[in-house]
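Student: Encoded as structure tokens, here's the structure I'll be asking about.
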Amino acid sequence: MPRARLLTPPFPTRTQATARVFMVSSFATELLEIRSREPKPSLHVLVIPGNPGIVGFYKDFVEELYENIGGQASITAIGHISHGRKDYENGRLFSLHDQIDHKVDFIEQELLHTEQSIILVGHSIGAYIGLEIFKRLQKKVKCFVGLYPFLTLNKNSMQQSAIGYIARSSLLSKGVSLFASFIGSLQASVRRSIVRRFLGSSWSAAAVDAGSSHLLQYHTMCNVLFMAKTEFLKLHEELDWCFIRAEQDQIAFLFGDDDHWGPLAHLEEISKHAPGAALSVETEGHTHGYCCTEAGSFWVADYVADLIKTKC
Numbered sequence: 026m027p028r029a030r031l032l033t034p035p036f037p038t039r040t041q042a043t044a045r046v047f048m049v050s051s052f053a054t055e056l057l058e059i060r061s062r063e064p065k066p067s068l069h070v071l072v073i074p075g076n077p078g079i080v081g082f083y084k085d086f087v088e089e090l091y092e093n094i095g096g097q098a099s100i101t102a103i104g105h106i107s108h109g110r111k112d113y114e115n116g117r118l119f120s121l122h123d124q125i126d127h128k129v130d131f132i133e134q135e136l137l138h139t140e141q142s143i144i145l146v147g148h149s150i151g152a153y154i155g156l157e158i159f160k161r162l163q164k165k166v167k168c169f170v171g172l173y174p175f176l177t178l179n180k181n182s183m184q185q186s187a188i189g190y191i192a193r194s195s196l197l198s199k200g201v202s203l204f205a206s207f208i209g210s211l212q213a214s215v216r217r218s219i220v221r222r223f224l225g226s227s228w229s230a231a232a233v234d235a236g237s238s239h240l241l242q243y244h245t246m247c248n249v250l251f252m253a254k255t256e257f258l259k260l261h262e263e264l265d266w267c268f269i270r271a272e273q274d275q276i277a278f279l280f281g282d283d284d285h286w287g288p289l290a291h292l293e294e295i296s297k298h299a300p301g302a303a304l305s306v307e308t309e310g311h312t313h314g315y316c317c318t319e320a321g322s323f324w325v326a327d328y329v330a331d332l333i334k335t336k337c
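Residue numbers 26 to 337, in the numbering used here, belong to the letters of the sequence shown in order.
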């Protein structure tokens with residue numbers, strides 16, 4: 026089983042990703058985009074976030090990936106419904122299934138009738154979402170890459186148990202969301218200091234900005250916990266091994282060496298069911314939330330770029 030290779034130095038001057046709000050089937054959706062330097066690119070990379078589905082967390086990753094593939098493909102990171110700065114949906118809650126449908130709707134609306142093939146890159150629960158999209162749009166998807174994938178429950182994870190307990194309780198979920206919104210109501214400098222101190226002392230500036238502006242919102246935290254609740258219900262089910270085995274030549278996974286969301290036992294299970302899938306293990310010390318640090322973003326972007334060049 027190959028170990029993903031060492032990080033190459035970051036590009037000195039990166040092309041900046043553009044953030045905008047776009048309507049997808051009547052839902053306001055935050056996108057982070059970079060357009061290809063090619064006039065008629067053959068590939069479009071669609072990045073699907075984990076939970077929380079805040080695209081700002083992926084800014085460094087998207088920009089570095091773009092440079093590493095020489096700007097030859099357009100890249101779009103698509104946020105989850107109601108995980109944004111504003112409560113466009115007036116407090117409505119969206120399940121894992123809703124978020125899957127939302128991503129399929131985006132592809133059908135924007136990419137299905139173009140000549141570009143799609144490379145799906147899903148992080149954490151975004152890897153599960155990406156596999157479901159792949160199943161529905163097999164003719165359009167060229168390959169799928171799952172990063173630190175959350176595909177099934179880990180009964181040995183105390184953190185998963187704690188999050189599941191909170192997510193199942195409407196009272197606790199509301200309390201956590203109210204507390205988050207209180208922190209979010211403080212001055213920007215105070216919010217940023219709290220996020221950096223208690224969530225990520227090594228976080229990049231982009232991740233701190235995303236956390237302090239988007240995550241600390243009542244509607245966002247409510248949706249993060251409700252989506253988690255539906256994830257834990259759905260991921261009790263067995264994966265569709267028949268599909269994964271049938272498409273294994275177009276599937277790749279990167280696991281973390283010490284990641285309770287995607288433990289190496291899950292990698293071994295995939296290797297038994299789909300030995301032709303490209304499986305790698307990152308051992309450089311980056312975490313499940315790789316996208317929140319510059320070092321993690323650059324390393325994983327280098328890994329994905331290599332896959333695109335060789336496999337996709």
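Cβ coordinates follow ideal geometry from the N, Cα and C atoms, glycine included.
On the three-state DSSP scale, how would you describe Leu-276?
Tutor: A small fix is needed here, since residue 276 is Ile in this sequence, not Leu. Strand, per DSSP.
Student: Output the distance between the C-alpha atoms of Lys-160 and Ile-154, rounded to the nearest integer angstrom.
Tutor: Those two C-alpha atoms are separated by around 10 Å.
Student: Between the Cα of Val-306 and the Cα atoms of Pro-77, Ser-296 and Asp-282, which residue gives the shortest distance?
Tutor: The candidate whose alpha carbon is nearest that of Val-306 is Asp-282.
Student: So Ile-247 packs on Leu-71, CB below 8 Å; how close in whole Å?
Tutor: Before going on, a small fix: residue 247 reads as Cys here, not Ile. The pair is not a contact, with the Cβ atoms about 26 Å apart (cut-off 8 Å).
Student: Going by the beta-carbon positions, is the gap between Ala-98 and Val-87 smaller than 8 Å?
Tutor: Cβ distance not < 8 Å, so Ala-98 and Val-87 don't count as in contact.
Student: With a threshold of 16 other CB atoms inside 10 Å of the CB of Asp-274, please say whether the residue is buried or exposed.
Tutor: Result: exposed.
Student: Do Lys-84 and Leu-56 have their C-beta atoms within less than 8 Å of each other?
Tutor: Cβ distance not < 8 Å, so Lys-84 and Leu-56 don't count as in contact.
Student: Helix or strand or just coil, what does DSSP make of Ile-106?
Tutor: Correct three-state label for Ile-106: coil.
Student: Taking only three categories from DSSP, how would you classify Gly-287?
Tutor: Three-state DSSP puts Gly-287 in coil, outside helix and strand.
Student: Around the C-beta of Ser-227, are 16 or more other C-beta atoms found within 10 angstroms, so that it is buried, or is it exposed?
Tutor: It is exposed - the Cβ of Ser-227 has fewer than 16 other Cβ atoms within 10 Å.
Student: If you draw a straight line from the alpha carbon of Asp-112 to that of Thr-245, how long is it in whole angstroms?
Tutor: For Asp-112 and Thr-245, the distance between alpha carbons rounds to 8 Å.
Student: From the DSSP output, in three-state form, read off Phe-52 for me.
Tutor: If DSSP states are grouped into helix, strand and coil, Phe-52 belongs with the strands.
Student: With a Cβ-Cβ cutoff of 8 Å, do Leu-145 and Val-170 count as a contact?
Tutor: Their beta carbons are under 8 Å apart, which means Leu-145 touches Val-170 by this criterion.
Student: Excluding the 5 residues preceding and the 5 following Arg-270 in the sequence, name in chain order all residues of the same chain whose CB lies nearer than 7 Å to its CB.
Tutor: Within the same chain, Arg-270 has close Cβ partners His-298 and Ala-299.
Student: My output table needs one value for Ile-59: the three-state DSSP class, helix, strand or coil.
Tutor: In this structure, Ile-59 counts as strand in the three-state DSSP scheme.
Student: Using a 10 Å radius around the Cβ and a threshold of 16 neighbouring Cβ atoms, would you call Gly-321 buried or exposed?
Tutor: Gly-321 is buried by the Cβ-count criterion.
Student: Leaving out five residues on either side along the sequence, give the residues of the same chain with a beta carbon under 8 Å from the beta carbon of Thr-139.
Tutor: Hits under 8 Å: His-69.
Student: Kindly confirm or deny that the stretch 171-187 and the stretch 249-264 touch, where touching means at least three C-beta pairs closer than 8 Å.
Tutor: As far as the Cβ criterion goes, the stretch 171-187 touches the stretch 249-264, which means the pair count is three or higher.
Student: Indicate the three-state DSSP secondary structure (helix, strand or coil) for Leu-162 in the structure shown.
Tutor: Correct three-state label for Leu-162: coil.
Student: Which full runs of the beta strand (DSSP E) of 3+ residues lie inside the stretch 295-320, going along the chain?
Tutor: Runs found: 303-307.
Student: For the candidate residues Ser-149, Leu-90 and Ala-187, whose alpha-carbon lies nearest to that of Arg-39?
Tutor: Arg-39 has its Cα closest to that of Leu-90, out of Ser-149, Leu-90 and Ala-187.
Student: Can you look up Lys-128 in the DSSP assignment and give me helix, strand or coil?
Tutor: Helix.
Student: Considering only their Cβ atoms, is the gap separating Ile-191 from Ser-182 smaller than 8 Å?
Tutor: No; because the gap between Cβ atoms is not below 8 Å, this pair is not in contact.
Student: Classify Thr-255 as helix, strand or coil using the three-state DSSP reduction.
Tutor: Three-state result, Thr-255: helix.
Student: Are the beta-carbon atoms belonging to Ala-232 and Phe-82 less than 8 Å from one another?
Tutor: Their beta carbons are under 8 Å apart, which means Ala-232 touches Phe-82 by this criterion.
Student: From the DSSP secondary-structure annotation, give me the bridge partner or partners of Ala-1.
Tutor: Beyond the ends of the chain as shown, which are 26 and 337, falls residue 1; an answer cannot be given.
Student: At the level of alpha carbons, what is the spacing between Phe-52 and Pro-64?
Tutor: Rounded to the nearest angstrom, the two C-alpha atoms are 30 Å apart.
Student: Considering only the beta carbon of each residue, do Val-220 and Ser-237 sit closer than 8 Å?
Tutor: Yes, they are a contact pair.
Student: Should Met-252 go down as buried or exposed, given a rule of 16 or more other Cβ atoms within 10 Å for buried?
Tutor: Met-252 should be labelled buried.
Student: Run the CB neighbour count on Cys-267, radius 10 Å, all protein chains shown included, and call it buried at 16 or more, exposed below.
Tutor: Flag for Cys-267 reads exposed.
Student: If we ignore side chains and look at the alpha-carbon of each, how far apart do Cys-316 and Gln-184 end up?
Tutor: Near 20 Å, if we compare the C-alpha coordinates of Gln-184 and Cys-316.
Student: Quick check on this structure: which residue in His-239, Gln-163 and Leu-224 has the alpha carbon closest to the alpha carbon of Gly-104?
Tutor: Per the Cα distances, His-239.
Student: Evaluate Phe-207 with the Cβ neighbour count: other Cβ atoms within 10 Å of its Cβ, from every protein chain shown; 16 or more gives buried, anything less gives exposed.
Tutor: It is exposed - the Cβ of Phe-207 has fewer than 16 other Cβ atoms within 10 Å.
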